[in-house]
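Enquirer: I'd like to ask you about the structure that follows.
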């Protein structure tokens, strides 16, 4: 455990203190993930939802009863996915009225502002209009163009941009796609495509994501106010490495603890979230983790799950101020993306997050004049409950 004096010293940095204070005020996250429905109006190439048979679980449970049970259990945050949530707005509204939410959508149907005023909406995109049409719209539907129209100027929405591997995986499109998203009034979070159906070629994650990371670096350099992923987080997700630890089932923190498939995982001493559950669309059965029934974890490059991996491992980041900054900014980004901290203040802090989390030799450059964060905080600090590891 890091010495309290060292942590206090790091948090005398006004910027780090500001991020830490914002997380503490927002409070701990006690989260679940669930599939809202078993249907979708797209069949994206290699979608894990259909590849792993998650659509076989149809909604049957009483949603109100489910909400009551989870509220009693202490749940306060829900990630809503599967198949397509915009096709089940009445059910989405029940959840929105009960919990803080984040929802993933393909963007074909707009989630209205009325009734969902503060809902974080992650809108999928896989490339420019032609690429998105081929990979997600079966060569017929202009998914990206329609989603741009649906969420133009909508501050609730951010783009969840999935990048494929290797030089053949469309990294040359990133600059243009990111610019379109920003011009549309939205920010961008990156994801990485795992080839769960062995499509091969440009989809094969074993080719590596080096060109994709280079494109992300360019996006951060050009648009630090609009990119919701740091260089460090992009490296962790795309390489599956967090210091000496390798990504996989033995390390993933977003597991359903009482699921039979995790019997050995919960005993291996690695951190995990004891509250978390990943519910199928029937809201009665659970699965191993967020994105898998029995999928090979080597194909998982899901940014959401890797956020959790970093957040649940604060101790691994206590060797230096630079490592601690990487942990703190990742945790804060998750809160900011999900509108759990002040959004207007977060928008002002985001460029400095990127400045602090670039290569170590760049992390200590002269800070800007009149920084948009509060001056020195003098409280006594302990690790935020949201990321305290369970063992």
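Residue numbers (my numbering): 19 to 409. Using N, Cα and C, we set each Cβ at its ideal position, and we do this for glycine too.
What is the DSSP secondary structure of residue 53, counted as helix, strand or coil?
Expert: Strand, per DSSP.
Enquirer: Under 8 Å by Cβ, that's how I've got residue 326 and residue 252 pegged, so tell me the actual separation to the nearest angstrom.
Expert: Actually they are not in contact, since the Cβ atoms of residue 326 and residue 252 sit about 16 Å apart, beyond 8 Å.
Enquirer: Does the region 105-118 touch the region 142-151, meaning 3 or more C-beta pairs lie closer than 8 Å?
Expert: no
Enquirer: What are the boundary residues of the alpha helix (DSSP H) that includes residue 183?
Expert: Taken as a continuous stretch (DSSP letters only), residue 183 belongs to no alpha helix (DSSP H), as it is neither H nor E.
Enquirer: Buried or exposed, going by whether 16 or more other CB atoms sit within 10 Å of the CB of residue 302?
Expert: By the Cβ neighbour-count rule, residue 302 is exposed, with fewer than 16 other Cβ atoms within 10 Å of its own.
Enquirer: With respect to the alpha helix (DSSP H) encompassing residue 209, which residues constitute its N-terminal and C-terminal limits?
Expert: Unbroken run through residue 209 is the beta strand (DSSP E), 205-210; no alpha helix (DSSP H).
Enquirer: Enumerate in chain order the residues of its own chain whose CB-to-CB distance from residue 191 is below 7 Å, with the five nearest sequence positions on each side excluded.
Expert: 145, 146, 149
Enquirer: Any contact between the region 313-327 and the region 160-177? By contact I mean 3 or more CB pairs, one from each, below 8 Å.
Expert: no
Enquirer: If you drop the 5 nearest sequence neighbours on each side, which residues of the same chain put their C-beta closer than 8 Å to that of residue 361?
Expert: Result list for residue 361: 173, 354, in chain order.
Enquirer: Who are the Cβ neighbours of residue 346 in its own chain at under 7 Å, not counting the five residues just before and after it?
Expert: 34, 37, 38
Enquirer: Where residue 369 and residue 100 are concerned, what is the direct C-alpha to C-alpha distance, given to the nearest angstrom?
Expert: 32 Å
Enquirer: Assign residue 30 to buried or exposed, taking buried as 16 or more other Cβ atoms, counted over all protein chains shown, within 10 Å of its Cβ.
Expert: exposed
Enquirer: Please list the terminal residues of the continuous beta strand (DSSP E) segment that includes residue 123.
Expert: Judged by DSSP secondary structure, residue 123 falls within the beta strand (DSSP E) whose first and last residues are 118-123.
Enquirer: Write down every uninterrupted run of the alpha helix (DSSP H) in the region 281-332 whose length is 4 residues or greater and which is fully enclosed by it, in chain order.
Expert: 321-329
Enquirer: Tell me whether residue 269 sits in a helix, a strand or coil according to DSSP, three-state version.
Expert: coil
Enquirer: In angstroms with no decimal places, state the Cα-to-Cα distance between residue 176 and residue 51.
Expert: Near 19 Å, if we compare the C-alpha coordinates of residue 51 and residue 176.
Enquirer: Starting from the Cα of residue 287, find the closest Cα among 268, 276, 136, 367 and give me that residue.
Expert: 268
Enquirer: In the structure shown, what three-state DSSP assignment does residue 169 receive?
Expert: coil
Enquirer: Only counting runs of 4 or more residues, tell me where the alpha helix (DSSP H) segments fall wholly within the region 332-376, in order along the chain.
Expert: 339-355, 361-374
Enquirer: Who pairs with residue 260 in a beta bridge, going by DSSP?
Expert: 263
Enquirer: Do you know whose CA, among 195, 88, 232, lies nearest residue 293's CA?
Expert: 88
Enquirer: In this structure, does DSSP put residue 28 in helix, strand or coil?
Expert: helix
Enquirer: Have a look at 118, 32, 23 and flag the residue whose alpha-carbon is nearest the alpha-carbon of residue 44.
Expert: 118
Enquirer: Excluding the five sequence neighbours on either side, which residues of its own chain have a C-beta within less than 6 Å of the C-beta of residue 237, listed in chain order?
Expert: Answer for residue 237: 196, 245, listed in chain order.
Enquirer: Residue 106 by DSSP, collapsed to three states: which one?
Expert: Three-state result, residue 106: coil.
Enquirer: So is residue 261 buried or exposed if we call it buried at 16+ other beta carbons inside 10 Å?
Expert: exposed
Enquirer: The beta strand (DSSP E) spanning residue 47 covers which residue range?
Expert: Counting along the chain, residue 47 falls outside any beta strand (DSSP E), and DSSP gives it neither H nor E.
Enquirer: Rounding to the nearest angstrom, what Cα-Cα distance links residue 331 and residue 339 in this structure?
Expert: 15 Å
Enquirer: Taking 6 Å as the limit between beta carbons, can you name the residues of its chain near residue 348, skipping five residues before and five after?
Expert: Once the five neighbours on either side are set aside, the close Cβ partners of residue 348 are 251, 328.
Enquirer: How about residue 284 and residue 275: do their beta carbons lie closer than 8 Å?
Expert: yes
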